[in-house]
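Working notes, beginning with the structure itself.
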Amino acid sequence: MATAPVVEVPELSRAFCRGSRRRLALDGVILTAGAGEVLGLVGPNGAGKTTLLS
1 MATAPVVEVP ELSRAFCRGS RRRLALDGVI LTAGAGEVLG LVGPNGAGKT TLLS
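Shown next as structure tokens:
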């Protein structure tokens, strides 16, 4: 029996603007977690991990 997701992030995008420059930090991220699941978020420095959690 499938249950509804506890956490669901559909198509998340986040951009930062500094002056006339626009930097895309996240583009089209999809995250779904169900009850009792344990997820790890890994990636290199500057990959957007903290931005995703914010």
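Under this note's numbering, think of the first position of the sequence shown as 1, with each following residue one higher.
All C-beta atoms in this analysis are idealised placements derived from N, C-alpha and C, irrespective of residue type, glycine included.
Because the structure is a prediction, the values reported are computed rather than measured.
Beta-carbon proximity of Glu-8 to Thr-32, cut-off 9 Å: yes
Beta-carbon proximity list for Arg-73, same chain, < 7 Å, skipping 5 on both sides: The shown model of the chain, from 1 to 54, leaves out residue 73, and the question about it has no answer.
Bounding residues of the beta strand (DSSP E) (the contiguous stretch that carries Leu-31): 21–33
9 Å Cβ cutoff met for Lys-49 and Leu-41: yes
Residues that Glu-8 bridges to, as DSSP identifies them: Thr-32
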